[in-house]
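Here is the structure we will look at.
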Amino acid sequence: MQLFTPDLQRWLDLAGIFVFAISGALLAVRKNFDVIGIAVLAFATGLGGGIFRDLVIGAVPPAAFRDLGYFLTPLLTSVLVIFLHPQVERINRAVQIFDAAGLGFFCVVGTIKAHEYGLGSFAAAALGVATAAGGGVVRDVLANEVPLLLRWDREIYAVPAMVGAGSVALLLHYDAFGDLTMALCVLLAFGLRLAALHYGWRAPRAWHRRSATAEGDGGRER
Amino acid sequence: MQLFTPDLQRWLDLAGIFVFAISGALLAVRKNFDVIGIAVLAFATGLGGGIFRDLVIGAVPPAAFRDLGYFLTPLLTSVLVIFLHPQVERINRAVQIFDAAGLGFFCVVGTIKAHEYGLGSFAAAALGVATAAGGGVVRDVLANEVPLLLRWDREIYAVPAMVGAGSVALLLHYDAFGDLTMALCVLLAFGLRLAALHYGWRAPRAWHRRSATAEGDGGRER
Amino acid sequence: MQLFTPDLQRWLDLAGIFVFAISGALLAVRKNFDVIGIAVLAFATGLGGGIFRDLVIGAVPPAAFRDLGYFLTPLLTSVLVIFLHPQVERINRAVQIFDAAGLGFFCVVGTIKAHEYGLGSFAAAALGVATAAGGGVVRDVLANEVPLLLRWDREIYAVPAMVGAGSVALLLHYDAFGDLTMALCVLLAFGLRLAALHYGWRAPRAWHRRSATAEGDGGRER
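Structure, rendered in structure tokens:
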């Protein structure tokens with residue numbers, strides 16, 4: 001099954017890797033890493049989620065090591081950010097919108113690929129979320145930061161991916177998938193992420209925790 | 001070969017994942033992460049060690065992605081901790097005892113599974129230890145903490161797992177395994193960990209290091 | 001294809017693991033970890049790069065779990081460093097030279113192994129670099145430090161590996177490999193790393209970044 005034509009899908013794939021790689025390269029610039037560090041974070045962020053998914057489902061070598069485009073995209077992204085990072089920072093809003101699009105696209109194709117390799121609905125959806133959000137976790141771990149995904153003071157990132165991947169898993173389970181329904185799942189995750197950014201939606205913390213922080217706890221946090 | 005009946009083994013497996021997931025979810029609450037962060041750490045701690053073992057021995061997709069119970073256990077654990085974390089913290093002693101049981105159980109089943117996939121005695125025992133202790137390392141790395149496993153100021157955790165996994169490897173090597181001897185290995189690791197907790201056993205540091213720290217070094221440590 | 005006789009290659013392999021494991025064990029001593037932490041970092045640094053490569057190309061179980069020598073080398077290194085770390089620190093210069101030799105050797109054998117498993121030139125070279133530099137990244141992530149590989153204030157480490165791995169990939173592509181050319185690739189990476197250490201070569205940072213740091217930025221850096 002194909003969400004889109006193979007050609008279109010590949011271009012969307014590369015576009016998603018591109019925007020993820022930008023977020024990795026920009027973090028490396030902010031952390032004052034050298035050009036090697038910028039390239040490493042661009043690769044890890046752009047390809048990390050997909051490599052994890054492919055290792056888990058046994059699709060080795062992962063797609064990232066078989067298609068030259070997957071390799072050149074983070075490389076070119078690094079070069080771009082190395083020379084133009086002030087300009088890229090300035091269009092950060094646009095980058096976030098593309099990142100939301102990448103999130104929507106990757107949670108859907110990740111779920112589909114895991115399903116094609118025989119995983120059940122829940123496992124496929126979980127891997128879809130890992131495909132979309134995993135690169136960012138690898139990026140933050142390498143940069144020695146608490147992953148944004150885990151922090152309460154950021155707009156929700158995993159929830160849109162979960163909704164998108166979960167919808168795909170449901171559609172696959174009921175044999176109701178098709179080009180249109182799949183595209184709707186991408187748009188659903190994309191739209192939710194945009195809305196979260198626009199309205200500042202955050203996930204709640206543990207029960208009883210809200211009052212505690214008002215009193216200034218979080219001492220173990222950096 | 002089976003340590004216990006498949007049904008009993010599965011329940012022990014899920015119980016082990018449950019207590020490991022609790023330790024992940026509680027750390028997330030202490031670090032003030034949101035509910036997504038709590039769930040991510042519960043999954044990573046409960047399933048991380050087993051996923052690593054399965055990737056290394058080539059058992060893909062890992063068990064965690066094939067059995068729905070493996071998926072639902074950390075999910076339910078997260079919900080439990082989100083609403084009842086003060087109560088769970090209060091029975092922390094009980095949690096530690098269950099965690100010790102999980103340690104004993106996982107180091108044994110991890111070694112057996114690796115052996116079944118054809119690994120040698122040393123490699124199988126090493127993977128048994130990784131199964132038991134790996135989830136905690138993933139938890140601490142994701143939470144941006146120095147892994148407890150590496151710290152000198154904590155009761156030994158890896159040593160009981162090494163003794164348990166090593167005993168299993170020896171028994172397998174001499175064809176002397178069976179339900180009884182295997183259960184004894186679980187109890188051995190479990191008992192050692194409990195004794196370590198009770199008597200405050202710690203692993204030594206490098207030679208000449210004790211005096212050095214008395215003079216207040218460790219400046220690079222956080 | 002063989003770079004050297006199998007026997008010689010295995011000894012070089014073990015020598016490389018030995019020097020990488022030393023760097024892991026020494027970091028653990030400096031961070032005041034206990035003997036378990038020292039052994040864990042020795043294993044992770046010595047074997048991490050090769051395990052990652054083998055998982056990606058589907059060579060499971062990884063070599064590190066099949067050859068007892070790969071297992072005993074980091075173990076013996078740990079024991080050595082635990083008792084003799086002041087002496088090992090004192091010959092740090094010699095350790096760095098051996099580490100450079102390990103870097104040269106691993107980037108070449110990593111590229112060759114990936115090529116043998118059917119990867120393209122770029123992917124094989126990338127895995128060669130990951131084999132050589134991956135262990136150090138795992139070491140720093142586990143020790144909760146910013147990976148040295150990413151930092152601008154260290155002599156280049158990845159670049160010599162890239163040059164070595166890239167040369168191998170080129171030679172393989174043009175069917176021009178052989179014992180002599182391969183040995184030259186090892187020497188090339190080795191020599192570049194030694195020169196980088198001797199002359200203090202560093203990789204540049206992002207454009208416009210030099211002046212910024214002169215004004216004392218890098219506030220987000222630790």
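Residue numbers (full-length UniProt numbering), protein chains in the order written: chain C, 1 to 222; chain Z, 1 to 222; chain L, 1 to 222. Backbone N, C-alpha and C define an ideal beta-carbon position, used for all residues, glycine too.
Boundaries of the alpha helix (DSSP H) in which residue i is found, first to last residue
i      : result
C:K113 : N92 to E116
Z:P62  : Neither: Z:P62 is in no alpha helix (DSSP H) and is coded neither H nor E.
C:D179 : D179 to Y199
L:H208 : That residue, L:H208, is in no alpha helix (DSSP H); it is neither H nor E in DSSP.
C:L148 : No alpha helix (DSSP H) holds C:L148; DSSP gives it neither H nor E.
Z:D67  : Neither: Z:D67 is in no alpha helix (DSSP H) and is coded neither H nor E.
Z:F33  : Segment: none, Z:F33 is in no alpha helix (DSSP H) and carries neither H nor E.
C:R154 : Run containing C:R154: none; DSSP gives neither H nor E here.
C:T131 : S121 to L142
Contacts that residue i makes with chain L (C-beta to C-beta distance below 7 Å)
i     : result
Z:I57 : V60 and P61
Status (buried if at least 16 other CB within 10 Å, exposed otherwise) for residue i
i      : result
C:T45  : buried
C:H198 : exposed
L:T111 : buried
Z:H85  : buried
C:L149 : buried
L:D13  : buried
C:F52  : buried
L:E155 : buried
C:F20  : buried
L:I38  : buried
L:D153 : exposed
C:D34  : buried
C:A94  : exposed
L:I17  : buried
C:D54  : buried
Within chain L, partners of residue i - CB distance below 8 Å
i     : result
C:N92 : Neighbours of C:N92 on chain L: none; closest Cβ ~16 Å, over 8 Å.
Any C-beta of chain Z under 9 Å from that of residue i
i      : result
L:G37  : yes
C:P160 : no
L:A21  : no
L:V141 : yes
L:A170 : In the sequence as presented, Ala is not what sits at residue 170 of chain L; that position holds Leu. No, L:L170 does not count as interfacial toward chain Z.
L:L76  : no
C:Y157 : yes
Partners in chain Z for residue i, counting only beta-carbon separations shorter than 8 Å
i     : result
C:V79 : Near C:V79 there are no residues of chain Z at all, since even the closest Cβ is about 30 Å away, more than 8 Å.
Chain-ordered chain C contacts of residue i [CB-CB under 8 Å]
i      : result
L:R151 : F33, D34 and G37
Z:I82  : A206 and W207
Proximal residues of chain C, C-beta to C-beta of residue i below 9 Å
i     : result
Z:H85 : A206, W207, H208 and R209
Z:A28 : L150 and A206
Proximal chain C residues relative to residue i, where beta-carbon distance stays under 7 Å
i     : result
Z:L68 : G120 and F122
9 Å Cβ cutoff, residue i in contact with chain L
i      : result
Z:Y117 : yes
C:L72  : yes
Z:I112 : no
C:I51  : yes
Z:A101 : no
C:D217 : Bear in mind that a pLDDT of 42 at C:D217, under 50, signals an unreliable position, so the model cannot answer this.
Below-9 Å beta-carbon distance, residue i vs any chain C residue
i      : result
Z:V40  : yes
Z:F65  : yes
L:G127 : Reading the sequence as shown, one finds Leu at residue 127 of chain L and not Gly. Judged by the 9 Å Cβ criterion, L:L127 is in contact with chain C.
L:V137 : yes
Amino acids of chain Z, ordered along the chain, whose beta-carbon sits closer than 7 Å to that of residue i
i      : result
C:P147 : L142
Proximity test, residue i beta-carbon vs the ligand NAD heavy atom, cut-off 8 Å
i     : result
L:A44 : With respect to the ligand NAD, the structure shown offers nothing to examine, as it has no ligands at all.
>> Using a Cβ-Cβ cutoff of 8 Å, what residues of the stretch 187-208 of chain C are near chain Z? List them in chain order.
In response: Look at the stretch 187-208 of chain C: the residues with a C-beta under 8 Å from a C-beta of chain Z are R202, A203, P204, R205, A206, W207 and H208.
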